[in-house]
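Novice: I'd like to ask you about the structure that follows.
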Amino acid sequence: MAEEMNHAHPGFIGTYIFSRDHKMIGKQYLFTGLFWALAGGFLAYGIRQHLAAPHSPTLGHGVMSPDFYNTVVTMHGTIMVFWVAMPILIGAFGNFLIPLMLGADDMAFPTLNMLSFWTFFLSSVVLLASFFVPGGAAASGWTAYPTLSVQQGVHPINWGQVLWLLAVALEFVSMLLGGVNYITTPLQMRAPGMGLFEMPIFVWMQMAASLIFMLSVGPLVGGAVLMLFDLLFGTGVYVPEKGGDPLLWQHLFWFFGHPEVYVLLLPALGIIGEIIPVFSRKPLFGYKPIIWSTIAAGILGFIVWAHHQFISGLDPKAASVFSITTIIISVPFSIVIFSMIATLWKGSIQFTTAMLFAVGMIAEFIIGGTTGIINGSAAADVYVHDTYYIVGHFHYTLFPTVFYGTFAGLYYWWPKMFGRHLDERLGKIHFWGTTVFFNMTFIPMLLLGLAGHQRRIADPTIFPLLRNVQYLHVIATYGLYGMLAYQLPFCWAFCKGLVGKKDAERNPWRAATLEWLAPSPPGHGNFDKQPEVVAGPYEYSKPEEKEDFIPQWKPQEAL
Amino acid sequence: MSAHPVPIAHPMHELKYESISPSMGRVGMWAFLASEIVTFGGVVCSYLLLRLCHPEWIQHSSKTLLPIGAINTVVLLTSSLTMVLAHHSAELKNVAATKKWLACTLLLGLLFLCFKGYEYTHEIENGYLPNTAVFWAFYFAMTGLHGLHVLAGLVTMAYLLIAIKEDYRLTAVAPVGLYWHFVDLVWIFLFPLLYVTTQGA
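Going down the list, the sequences are from chains F and U. Those letters in the first sequence? Residues 85 to 643, per my numbering, in order. Those letters in the second sequence? Residues 1203 to 1403, per my numbering, in order.
The following block contains the structure:
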């Protein structure tokens, strides 16, 4: 690979479109992911608007039919998990930051990296196309449970579901190709002096997330091939009356689906693990325990999947096993979260926007984590399963992870990415508005679920039981309006951050990790001179030192 | 990058990195193969679980062509041997021998696909389609997925045959060899599961 990395001037197409530069690929992932976030957010509006007032029109559609509501819910979940969370948290941040933090000039396999993005782009096109086929897009939930997903609709072939499967499979291939880079680069391309335990925690988290993804997604890819057979050739792998088994899909799906939660959580923990030490001016508390806990959680994560299936006819003996593993897995994650909190303890805390989002993510994620313990226990889960309590719970885990994590990362690394700062004042408005209205949206869902509201109902008003909790839907919908409105300051800051003079310093936050040695933004090849590593990543506020931080790099004479 | 004219002070070949001992290509290939192992592992386990619940599948599985499957097993195993020889020649930097053994591997792989094509034709002509029974769905999905991997390996080898020079792409033979052995190994699982366990019904 080495001899190919020095194309002098790749030209416009080579620079901006078929780029092999990890920074440009990261930005491509970022912009594609943010585009999908708009689409997923609009679908969220559709869901909430319809639930608050099922008989009034929704903007851009009119009154939704139950079938169309199913499509909207399915595509909202699919888009947010696979086309927003993964490309932004892993594709964008991982690509942009891993080589910079390692002091490398690019990823290990730049061409593979380019291929990864364009496979992802292709999957995006397929997913978009699925909205416009006969019968509409997939409507069987983001989990695509058979037998619903393999049923024939009015059309002989359920094209929406077929394209959904193809798009998801392509997205997986893209992330697998990316994963090869995220694992190989940290192992093989660390700057001189950087041992594995001198890597920033973000790199560890990206590596762990990629490894978990690559070890869990395979069975679902195989299962998707079998489901394509069911849909296209009329086989019956998942159809009981043809000799198949619908539960098989649930196992294949959740064997991937549960580790996937950690694939999203770990990069976000990596992001805040970089931000919190810098703005507390303290070393990250428990660097090695965090790494070992992450590895332990990654392994445990492979034996918890059936807690999604407690009411699917799982053997009660198996249910107790999966309950126990599920509750055990909260221990390593508690260690990680407590380490983050302990990093704050007695620090000189600066509440920049990035820091606000990082601390906010911890606060909100704790609600998500603790509500999860109830679902993890089989006996309690029977009551709340498939209710809005579950919807509330997983939004309390995923929204802080994906959006708080992303926003924290963007406000923090924007100077490195684009050479300008995001507006801090707009950022603070953005943070507080988002936080207040996020809770206003999802606390009602937890309450709805405890009141017994099932989660996949298109029109709750037809059930007398649910009439006296309908007001909670209305509150949640107003909450979503508020949340969407408070993304406007971010959009404005985002646009302002893309134009104007590039005036950011190399190291505006006085951080110790290697990416802050490179120019803002870094050029092709990243560093003026290859850095040499002389310190750990979090050497802040050492009493015997004059400066309040020791950078990881050996001082270089200015060029 | 005309947009950000930052000079590259050090050409790539002057950069020194901390790394673990296997080559970059091998680490990458192992990471990739890890995901491949669970892909085939998932399908094989699904097949096994269903197969154990459905002894009656034997009436379908006994219709597979055992002799051809056996010949194909020999063909694929031999291709692994020629691949090892190609890898060995590449380590010795012997371009001519590397190309010779790669070509042998490529031909054996092609032979495998020809036999597989004959089998598919035979089965389809006799009315054993994917939707005939769940067994056939698994049969076509598993051997088809494996066949696609064989094809991908052949394309890569064809590229290497053209591209390899004294100082170019010789190191790529090792990771491609790893991949090819993996494809071979998958067949070692598929052959008994789909062909052998079914006889004597």
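From the three backbone atoms N, C-alpha and C, an ideal C-beta is built for every residue, glycine too. Nothing here was measured: the structure is a model prediction, and the numbers come from that model.
Once DSSP output is grouped into helix, strand and coil, what is the label at F:Arg274?
Specialist: strand
Novice: Decide if the segment 560-567 of chain F is in contact with the segment 457-464 of chain F; the criterion is three or more beta carbon pairs, one per stretch, under 8 Å apart.
Specialist: no
Novice: Given this structure, state the Cα-to-Cα distance separating F:Arg132 from F:Thr162, to the nearest angstrom.
Specialist: 17 Å
Novice: F:Ala128 to F:Thr455, Cα distance in whole Å?
Specialist: 22 Å
Novice: Could you spell out where the alpha helix (DSSP H) holding F:Asn459 opens and where it closes?
Specialist: 437-460
Novice: How would you label F:Val475, buried or exposed, when you count the other beta carbons within 10 angstroms and need 16 or more for buried?
Specialist: buried
Novice: Is the CB of U:His1383 under 8 Å away from at least one CB in chain F?
Specialist: It does not; no Cβ of chain F falls within 8 Å.
Novice: When you measure from the CB of F:Leu568 to every non-hydrogen atom of the ligand NAD, does any distance come out below 7 Å?
Specialist: What this structure holds is no ligand at all, so the ligand NAD is not there to describe.
Novice: What residue range does the alpha helix (DSSP H) around F:Arg132 cover?
Specialist: 106-136
Novice: Give the interface partners of U:Ile1190 over in chain F, defined as CB-CB distance under 8 Å, in chain order.
Specialist: Coverage of chain U is limited to positions 1203 through 1403, which leaves residue 1190 of chain U absent and any answer about it impossible.
Novice: I need the straight-line Cα distance from F:Leu232 to F:Ser224, nearest angstrom please.
Specialist: When the Cα atoms are used, F:Leu232 and F:Ser224 turn out to be separated by approximately 6 Å.
Novice: Among the residues of its own chain, which have a CB less than 6 Å from the CB of U:Ser1281, if the five just before and after it don't count?
Specialist: Taken in chain order, the residues that qualify are Thr1307, Leu1310, Gly1311.
Novice: Once you ignore the five residues that flank F:Ser294 on each side, which residues in its own chain have a CB closer than 6 Å to its CB?
Specialist: Gly263, Tyr266, Ile267
Novice: Between F:Gln245, F:Val168, F:Leu261, which has its C-alpha nearest F:Thr203's C-alpha?
Specialist: F:Leu261
Novice: Shortest alpha-carbon distance to F:Gly511 belongs to which of F:Phe502, F:Phe526, F:Leu122, F:Ala492?
Specialist: F:Ala492
Novice: At what residues does the alpha helix (DSSP H) containing F:Lys644 begin and finish?
Specialist: The requested residue 644 of chain F does not occur in the structure, where chain F is confined to residues 85 to 643.
Novice: Closer than 6 Å by C-beta to U:Tyr1397: which residues in its own chain qualify, once you throw out the five before and the five after it? Chain order, please.
Specialist: Thr1266, Leu1268, Gly1271
Novice: Is there a Cβ from chain U that is less than 8 Å from the Cβ of F:Val520?
Specialist: no
Novice: Would the segment 103-120 of chain F and the segment 518-531 of chain F be scored as touching if the rule is three or more Cβ pairs under 8 Å?
Specialist: Touching, no.
Novice: In chain F, which residues lie less than 7 Å from U:Lys1413 when you measure between Cβ atoms?
Specialist: Absent from the structure is residue 1413 of chain U, since the part of chain U shown begins at 1203 and ends at 1403.
Novice: If we count the other Cβ atoms within 10 Å of its Cβ and call it buried at 16 or more, is F:Pro171 buried or exposed?
Specialist: buried
Novice: Using the three-state DSSP reduction, which class does F:Thr597 fall into: helix, strand or coil?
Specialist: coil
Novice: Please report the distance separating the alpha-carbon of F:Val415 from that of F:Met424.
Specialist: 14 Å
Novice: Do we get a CB-CB distance below 8 Å when we pair F:Ala32 with the residues of chain U?
Specialist: Because residue 32 of chain F is not part of the residues shown, which for chain F are 85 to 643, the question remains open.
Novice: Which residue spans inside the segment 257-341 of chain F form an unbroken alpha helix (DSSP H) run of at least 4?
Specialist: Runs of the alpha helix (DSSP H) spanning 4 or more residues and lying entirely within the segment 257-341 of chain F occur at 285-300, 302-317, in chain order.
Novice: Determine the closest residue to F:Gly452 out of F:Tyr371, F:Phe417, F:Glu631, with distance taken between C-alpha atoms.
Specialist: Comparing Cα-Cα distances from F:Gly452 to each of F:Tyr371, F:Phe417, F:Glu631, the minimum goes to F:Phe417.
Novice: What does F:Tyr624 pair with, by DSSP beta-bridge criteria?
Specialist: F:Phe633
Novice: Among F:Phe152, F:Ala352, F:Ile527, F:Glu282, which has the Cα closest to the Cα of F:Leu556?
Specialist: Nearest in C-alpha terms to F:Leu556, of all of F:Phe152, F:Ala352, F:Ile527, F:Glu282, is F:Ile527.
Novice: Identify each residue in the segment 293-305 of chain F for which the Cβ-Cβ distance to at least one residue of chain U is less than 9 Å, and report them in chain order.
Specialist: Ser294, Leu295, Phe297, Met298, Leu299, Ser300, Val301, Gly302, Pro303, Leu304, Val305
Novice: Which residues bound the alpha helix (DSSP H) around U:Met1226?
Specialist: Per DSSP, U:Met1226 is one residue of the alpha helix (DSSP H) stretching across 1226-1255.
Novice: Which partner residues of U:Glu1293 appear in the DSSP bridge assignment?
Specialist: Per DSSP, none; premise fails for U:Glu1293.
Novice: Give me, in chain order, the residues of the same chain whose beta-carbon lies closer than 8 Å to that of U:His1348; leave out the 5 immediate sequence neighbours on both sides.
Specialist: Phe1242, Val1385, Val1388, Trp1389, Leu1392
Novice: Using DSSP bridges, identify the partner residues of U:Glu1220.
Specialist: F:Arg274
Novice: Compare the C-beta of U:Gly1244 against all C-beta atoms of chain F and say whether one is closer than 8 Å.
Specialist: yes
Novice: Whole angstroms is fine: what's the gap from F:Leu206's alpha carbon to F:Leu199's?
Specialist: 10 Å
Novice: Measure from the C-beta of F:Thr268 to each C-beta in chain U and report whether the shortest distance is under 8 Å.
Specialist: yes
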